[in-house]
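Asks: Under our numbering, the residues of the sequence shown are numbered 1 to 263, in order.
Just dropping this structure here.
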Amino acid sequence: MRLIIQPDYLAISEWTASYVVQKINNHKGSGPFVLGLPTGSSPLGTYQKLIEYHKAGKVSFSNVITFNMDEYIGIPQDHPQSYHSFMWKNFFSHIDIRPGNVHIPNGNAANLEEECKQYEEKMAAFGGVDLFLGGIGPDGHIAFNEPGSSLTSRTRIKTLTYDTILANSRFFDNDPLKVPTTALTVGVSTVMDAREVLIIANGHNKARALRQAVEEGVNHMWTISALQLHPKGIIVCDEAATAELKVGTYNYFKDIEKHNLMI
Ligand code: GLP
Numbered sequence: 001m002r003l004i005i006q007p008d009y010l011a012i013s014e015w016t017a018s019y020v021v022q023k024i025n026n027h028k029g030s031g032p033f034v035l036g037l038p039t040g041s042s043p044l045g046t047y048q049k050l051i052e053y054h055k056a057g058k059v060s061f062s063n064v065i066t067f068n069m070d071e072y073i074g075i076p077q078d079h080p081q082s083y084h085s086f087m088w089k090n091f092f093s094h095i096d097i098r099p100g101n102v103h104i105p106n107g108n109a110a111n112l113e114e115e116c117k118q119y120e121e122k123m124a125a126f127g128g129v130d131l132f133l134g135g136i137g138p139d140g141h142i143a144f145n146e147p148g149s150s151l152t153s154r155t156r157i158k159t160l161t162y163d164t165i166l167a168n169s170r171f172f173d174n175d176p177l178k179v180p181t182t183a184l185t186v187g188v189s190t191v192m193d194a195r196e197v198l199i200i201a202n203g204h205n206k207a208r209a210l211r212q213a214v215e216e217g218v219n220h221m222w223t224i225s226a227l228q229l230h231p232k233g234i235i236v237c238d239e240a241a242t243a244e245l246k247v248g249t250y251n252y253f254k255d256i257e258k259h260n261l262m263i
């Protein structure tokens, strides 16, 4: 696992967006690039940078297929807090992606289990995901794989923990009662099947999760820790998120990345 420690959120966003641009551009001529995407506040800066790079002519998304990680169940697609609305508002409307290449789980499907099965099949039909971007919850969840989720899980229906409902209530008038209690989410294993996984972790409230991910063992109570088993896992974090790491761990990754010529 690589741990890229950046001074602040802007630097994380620039690093991540540059990495994505490089991957998309290097893939030219090898068919569509399949990109897994998260919602939440963590990737917002990356989306802004990607939009900027697109407008500057550095990257085109015309040959990119996207798969989002998750979606709430039971709120209309055009609800301002649905992940559909989030993605179109903050990213897709500003780039040259073909609408038909965007995939987001449908939390209003008549048959939700069938929706999950088909979502996995669609990913497989495109040859799997090249790069999955993600964030983490303060309790170390990836997508909506809450503590205790099977590390071999696939796309399915999940009940959200009260911690997550509380954390996400900031988008629902600070009212936990307005936050949906269930969601469709890709599984831990779905994310781990991607050829590369890049996780963004910023701020003090991610420090405990980052420590578990980097210094502790693989454990279903911190689903992000599954990244330790991935051959190409990267976490990009800011200084604030390193607050719980041992000084030795911090210095080790700072030192080893100093000589890494890959961005
Ligand atoms: C939600 C999403 C996750 C995201 C997490 C953290 O639970 N399902 O994919 O990583 O929130 O969100 P934020 O980036 O806003 O801290």
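Note that the Cβ used here is the ideal one computed from N, Cα and C, for glycine as well.
Look at the Cβ atom of Gly36, then the Cβ atom of Phe171, and state whether they are nearer than 8 Å.
Replies: In the sequence shown, counting from the first residue as 1, residue 36 sits at position 36. In the sequence shown, counting from the first residue as 1, residue 171 sits at position 171. Against a cut-off of 8 Å, the Cβ pair of Phe171 and Gly36 comes out as no contact.
Asks: Which residue comes first and which comes last in the beta strand (DSSP E) that contains Gly134?
Replies: The residue you call residue 134 lines up with position 134 of the sequence shown. First-last of the beta strand (DSSP E) with Gly134: 131–134.
Asks: How many angstroms separate the CA atom of Met123 from the CA atom of Val21?
Replies: Taking the first residue of the sequence shown as position 1, residue 123 is located at position 123. Taking the first residue of the sequence shown as position 1, residue 21 is located at position 21. Each residue's alpha carbon lies about 21 Å from the other.
Asks: Can you find a heavy atom of the ligand GLP that lies under 7 Å from the Cβ of Phe144?
Replies: Position 144 of the sequence shown, counted from the first residue, corresponds to residue 144. For the ligand GLP, at least one heavy atom lies less than 7 Å from the Cβ of Phe144.
Asks: Please list, in chain order, all residues of the same chain as Phe253 whose beta carbon is under 7 Å from its beta carbon, the five residues on each side excluded.
Replies: In the sequence shown, residue 253 corresponds to position 253, counting from 1. Hits under 7 Å: Leu3, Ile5.
Asks: Short of 6 Å in beta carbon distance, which residues of its chain neighbour Ile65, apart from the five on each side in sequence? Order them along the chain.
Replies: As a first step, residue 65 is located in the sequence shown; it is residue number 65 there, counting from the start. Closer than 6 Å at Cβ, skipping near neighbours: Pro32, Val34, Asn101, Phe126.
Asks: Considering only residues of the same chain and omitting the five flanking positions on each side of Gln81, which have a CB-CB separation below 8 Å?
Replies: Along the sequence shown, one-based indexing puts residue 81 at 81. Excluding positions up to five away in sequence, the list reads Tyr72, Ile75, Phe171, Phe172.
Asks: The ligand GLP heavy atoms versus the CB of Gly135: any closer than 7 Å?
Replies: Within the sequence shown, the letter at position 135 stands for residue 135. Yes.
Asks: Would you tell me roughly how many angstroms separate the C-alpha atoms of Thr185 and Lys246, rounded to the nearest one?
Replies: Within the sequence shown, numbered from 1, the residue matching residue 185 stands at position 185. Within the sequence shown, numbered from 1, the residue matching residue 246 stands at position 246. Between Thr185 and Lys246, the C-alpha separation is close to 32 Å.
Asks: Of the choices Ala183, Thr164, Thr182, whose alpha-carbon is the least far from that of Asn174?
Replies: The count along the sequence shown starts at 1 and reaches residue 174 at position 174. The option with the nearest alpha carbon to Asn174 is Thr164.
Asks: Should Gly248 go down as buried or exposed, given a rule of 16 or more other Cβ atoms within 10 Å for buried?
Replies: Residue 248 sits at position 248 when you count from the first residue of the sequence shown. Label assigned to Gly248: exposed.
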